[in-house]
């Protein structure tokens, strides 16, 4: 199915607004937590090469998420931003919206569960409470899981090679960040975190506990 102008504009608008809403929500949560703890929970410094590459990766994800609809709307299709017609189906709009709304709602659930322990990045000198309630009883990094779900929804709305590239770059970024976070938590919480680690999955619940 080829995109029509009216249907495409609606999809572009949803994807653009979804990026503004999601990252605006992150900014609001940064402000909320900073008021409670007296300092910014944003701990990303981007000093080392790995941190700079992570910054580049996140920049591509965020700018691509918000910018792709504007590029399509202003300049039309390019070789990398062309629709995969087999995925551009009417039902894709429903799938995309359902995944996005699910991801947003569950992200708010995660924010509520984490409370003032929510952080962006790792502060090796600080010690936060180990949160293992709610969805964190089963999954160690559910916020990243719900980011994936939202981006899959965006890919259904704008099924282009660029959307898939954004999804893959995002997965690489969160894979690196989760390992850093887990190493920090293992060092900080010791045996308590090792037990928690063994009973939970990184992005999905473990089917069986040992």
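Numbering (this note's numbering), first residue to last: 15 to 224.
Note that the Cβ used here is the ideal one computed from N, Cα and C, for glycine as well.
If you're wondering where the values come from, they're calculated on a predicted model, not measured in any experiment.
- Taken through DSSP and simplified to helix, strand or coil, residue 43 comes out as helix.
- DSSP places residue 153 within a strand segment (E or B) once states are collapsed to three.
- When the alpha-carbon of residue 47 is set against those of 183, 203 and 125, the nearest one is in 125.
- By the beta-carbon neighbour count (other beta carbons within 10 angstroms, threshold 16), residue 82 is buried.
- Beta-bridge analysis with DSSP links residue 215 to 153.
- Bounds of the alpha helix (DSSP H) holding residue 105 are 104–128.
- Taken through DSSP and simplified to helix, strand or coil, residue 134 comes out as strand.
- For the 8 Å CB-CB criterion, residue 22 and residue 80 do not form a contact.
- About 18 Å separates the beta carbon of residue 45 from that of residue 118, a gap too long to meet the 8 Å contact definition.
- Across the structure, residue 96 and residue 112 are spaced so that their CA atoms are roughly 23 Å apart.
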